[in-house]
Amino acid sequence: MSWETKARAHFRAELDSIRSAGLFKEERVIRSVQGAEIEVEYPPGAPPRKVINMCANNYLGLSSHPEVVRAAHAGLDERGYGMSSVRFICGTQDIHHRLERRLTEFLGTEDTLLFPSCMDANGGVFEACFGEQDVLIADRLVHASIVDGMRLCKAMQDTFKHSDMAHLEEKLIEHAGRRFRVIVTDGVFSMDGDLARLDAIADLAERHDALVFLDDSHATGFIGKKGRGTHEHCGVVGRIDIITTTLGKAMGGASGGCVSGRRELVEMCRQRARPYLFSNSVAPEIVAGALQVMDLVSRSTERRDRLEENAAYWRKGLSEAGLDLRPGDSPIVPVMLYNAKLAQEFSRDLFQEGIYGVGFFFPVVPKGQARIRTQLSAAHERRHLDLGIAAFRKVGAKHGILGLKRKEILAKFGE
Amino acid sequence: MEQVRSVRVALPAGARTTEEELELLEAAFRAIVDMHYEGGADWKTAWEALERDGWTLHADLCWRVTAQRGHDFESASGRTKADALGQLLRLASLDATEGCP
């Protein structure tokens, strides 16, 4: 088969079908550093426009923090640009070990191993640690990288209804004959911003002799009084067997992730996890920047406290404006619009008002659950939030949805 | 033209068979025919090659079920159709939505 005679036509048709289904993803080009205010070129070729960013994972506002940038520059000067190697050949520097020790201490675990990303950590950890005698029982709303990692593992794969502890217990009983039963969950779920019931999960795990896996990517650095994560918030530090998390969100936002937890499981990853064994070390400047982030988050909780205040203020403001929000305690605040077309139009109108927020709809979220997912940052100042709330109120009024709940919005716009 | 031979088995009067049993009978006969006439005996070469590479092998017949929905494809196997479908259901439940990044 040649590319020109058959393959090109096939892939063009595939792309056309994605476009006609309204699912084609387009990148909006940012011409500034990441932050509470960014300059966006949209549509392509238009002059860059300053907007308030309400959709970054920059929870602690550290993506462009001067101390982090300075530390990354120093790392670049002192340890170079890249390692040109995987970790176990000639890609491990002293700073990689230092960062792993800092993460272990911060997360309250026994050991930590860095990966190029948390996507890679989740892609490697299950296959490295579990086999066909075991079962992985995942919450149905876990991140896509966990689903991929589970599929790469020979263990039986099963799910429980989102945050439904009775269903989880049924599954633990159903799979009682398996060697290891592993409960798999996110800490903060990226779709709704709700928190896993980790205390109940840890209790169930103990009662049924199961292990607990936690992806805390949307929590590390700011959930819990000291920002250690969902396990701190739920009072179960030391009772979670495996934690994966990212440096690509609150913790500076560059890249890199890790597996942290029981010493032997981390060592299994060091020996067998393919994304660790077959991809490059995290670059020195990113490790240096992340070490500075560790200093900042360990030194003070001021940024996570401000984020918490911002999230509460934003939630209150939008609720009072009459928007329908998913309840929760995290800085992920989904504004529910239910109808996919409405979510897309709402996002476009917000952009015209100087607010950058992205509409999510099926298949990213279930049918009839379209929304604008807003995300707060410690970098947001009160004026950003006030402008954002005013814009949501104005666009909400334009579409006639203020004060309406799911039933009324669906009656007006359909699913 | 060579006459096609077939095997007919008379069932006792009043015997009840389920659709699944008939499907199983057909699959069993199909497997016997394939083993003799459709290159089915060639399995020994692959088996021995794997053993030479240090694999300990085991083979048995099973149910295989597949499911297609648009771009998504799932397949599973099991000793019974229920096992296979149960596994398929578990796999499909992993991807209820794409999820948010």
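Which chain is which? The protein sequence lines are C and A, in order. For the first sequence, the positions run 447 to 861 when our numbering is used. For the second sequence, the positions run 13 to 113 when our numbering is used. Note that CB positions come from ideal geometry on N, CA and C, so glycine has one too.
- Under a criterion of Cβ atoms nearer than 7 Å, no residue of chain C is adjacent to GLY66/A; the nearest Cβ is some 18 Å distant.
- Taking the C-beta atoms as reference points, LEU771/C is found nearer than 8 Å to ARG761/C.
- Between THR676/C and LEU660/C a beta carbon distance of about 7 Å is seen, short of the 8 Å cut, so the two are scored as contacting.
- For GLN579/C, the three-state secondary structure derived from DSSP is coil.
- Looking at the DSSP output, GLU487/C bridges to VAL475/C.
- Annotation for PHE838/C: the continuous alpha helix (DSSP H) segment containing it runs 828–845.
- At least 8 Å separates the beta-carbon of GLY699/C from that of ILE498/C.
- Comparing alpha carbon positions, the residue from ALA646/C, CYS599/C, ILE583/C, LEU641/C closest to ALA622/C is ILE583/C.
- ALA517/C places its beta carbon 8 Å or farther from that of GLY673/C.
- Secondary structure at PHE668/C: coil, using DSSP grouped into helix, strand and coil.
- Between the alpha carbons of THR555/C and THR690/C lies a gap of roughly 11 Å.
- Here ALA648/C is not near VAL634/C, since their CB atoms are 8 Å or more apart.
- Contact check for VAL841/C against LEU796/C passes: the beta carbons are separated by less than 8 Å.
- Listed in chain order, the positions of the stretch 601–621 of chain C with a beta carbon within less than 7 Å of a beta carbon of chain A are GLN603, ASP604, THR605.
- Burial check for ASP523/C: the Cβ neighbour count within 10 Å stays below 16, so the residue is exposed.
- Your pair HIS542/C and VAL705/C does not check out as a contact, with CB atoms roughly 14 Å apart and the cut at 8 Å.
- Relative to the Cα of VAL581/C, the nearest Cα in the group SER609/C, GLU546/C, ALA656/C, ASN504/C belongs to ALA656/C.
- Flagged as an interface residue toward chain C: ASP107/A, by a C-beta distance shorter than 8 Å.
- No Cβ of chain C is located within less than 8 Å of the beta carbon of GLU35/A.
- In terms of beta-carbon proximity, SER776/C stays away from the interface with chain A, with every pair separated by 8 Å or more.
- Among the CB atoms of chain C, none fall inside 8 Å of the CB of GLU31/A.
- ARG495/C is the residue among GLY803/C, ARG495/C, ALA767/C, GLY703/C whose C-alpha sits nearest the C-alpha of SER478/C.
- By the Cβ test, the stretch 807–817 of chain C is not in contact with the stretch 24–39 of chain A, since fewer than three Cβ pairs between them sit closer than 8 Å.
- The Cβ neighbour count for VAL571/C, taken over all protein chains shown within 10 Å, is at least 16; the residue is labelled buried.
- Distance between GLY667/C and MET740/C, taken at the CA atoms: about 9 Å.
- Buried is the label assigned to LYS617/C, since at least 16 other Cβ atoms lie within 10 Å of its Cβ.
- A Cβ-Cβ distance of about 7 Å is found for the pair GLY111/A and LEU587/C, placing them in contact under the 8 Å criterion.
- Judged by DSSP in its simplified three-state form, THR109/A adopts coil rather than helix or strand.
- Against PHE457/C, chain A offers no close residue; the least beta-carbon distance is about 13 Å (beta-carbon pairs closer than 7 Å).
- Residues of the stretch 69–103 of chain A that bring their beta carbon within less than 8 Å of a beta carbon in chain C comprise GLN99, ARG102, LEU103, in sequence order.
- Between the stretch 497–515 of chain C and the stretch 819–834 of chain C there are three or more C-beta pairs closer than 8 Å, enough to call the two in contact.
- Burial is judged here by how many other beta carbons sit within 10 angstroms of a residue's own beta carbon; GLU573/C has at least 16 and is buried.
- In the three-state DSSP reduction, TYR759/C falls in the helix class (H, G or I).
- Rounded to the nearest whole angstrom, the CA to CA distance from VAL77/A to GLY90/A is 9 Å.
- Counting along the chain, no beta strand (DSSP E) covers GLY521/C; the unbroken alpha helix (DSSP H) around it starts and ends at 512–525.
- Of the residues ALA696/C, ASP540/C, THR605/C, PHE859/C, the one whose Cα lies closest to the Cα of VAL514/C is ALA696/C.
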